[in-house]
Structures are given as C-alpha cells and as structure tokens.
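K.L.:
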Amino acid sequence: MSDREFDVILYGATGFTGSLVAEYLAKNALKKGLKFAIAGRNEKKLLAVKSSLGLEDLECLIADSDDQEALISVTSKCKVLATTVGPYYKYGKKVIAAC
Numbered sequence: 277m278s279d280r281e282f283d284v285i286l287y288g289a290t291g292f293t294g295s296l297v298a299e300y301l302a303k304n305a306l307k308k309g310l311k312f313a314i315a316g317r318n319e320k321k322l323l324a325v326k327s328s329l330g331l332e333d334l335e336c337l338i339a340d341s342d343d344q345e346a347l348i349s350v351t352s353k354c355k356v357l358a359t360t361v362g363p364y365y366k367y368g369k370k371v372i373a374a375c
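Per the working numbering, the very first residue in the sequence shown carries number 277; after that it's consecutive.
What follows is the structure, given as structure tokens:
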C-alpha cells in the first residue's frame, strides 16, 4: 500500500461532520507530513470546502455512493479512507466493498 497517492482521503467532506474533519486534517495532517484529499459526490461543494480551508493544492475527488467504479477509483488512491457519509447502513456497503 505504500504506492498509494494519498495517506488519507476524506469521503463526505461537504457535510457538517465532514467539514469538521476536513478542517482538522488541514490543521494537523500536513504538520505530520500526511498527504490527504477530499472526496464526495458534488464537485461544487468540494471546491467550496477546499476554498474554505485555503489549501490550493488539495485534490477533490468525485464519487457518488451508488457509483461502484468511482468508489473503487477513490479507494485505490489511499492508504486510509475516512468516511462521514451516512447513514452508514444505507450508504456504506458499496464503500466497504470498494476497499
């Protein structure tokens, strides 16, 4: 797994909890030398989160929880996928399968 592009991808970065986690990662992950990206289904909202964090180089990855190929693409790029997309029972099965 050391050949993965990102240490962490935050899936669901545009919701309330996701934006809090994105803020935490922006403040702490970079200090520790971790490379992270944010992911979700709405590019416009992801770009707004990116802008609010002030991280010009932060990558935004698009993946809907019903799009298995997109989820596999996202999960193949990271060592750790943190998800805040819920309810987990409804939206988490395909995410888990993509891992």
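Backbone N, C-alpha and C define an ideal beta-carbon position, used for all residues, glycine too.
#1: For Ala315, write down the residues that DSSP places opposite it in a beta bridge.
#2: Indicate the three-state DSSP secondary structure (helix, strand or coil) for Leu357 in the structure shown.
#3: Taking only the alpha-carbon atoms, compute the straight-line gap between Gln344 and Ala305 and give it to the nearest angstrom.
#4: Where does Ile372 land, buried or exposed, given buried means 16+ other C-beta within 10 angstroms?
#5: Sorted by chain position, which residues of the same chain lie with C-beta nearer than 6 Å to Ala289's C-beta, five sequence neighbours on each side aside?
P.N.:
In short, the structure shows the following:
#1: As DSSP reads the structure, Ala315 sits in a beta bridge with Tyr287 and Leu337.
#2: In the structure shown, Leu357 falls within a strand segment according to DSSP collapsed to helix, strand and coil.
#3: So the alpha carbons of these two residues sit roughly 28 Å apart.
#4: Counting Cβ neighbours within 10 Å, Ile372 comes out exposed, since fewer than 16 surround it.
#5: Within the same chain, Ala289 has close Cβ partners Ala298, Ile314, Gly316 and Val325.
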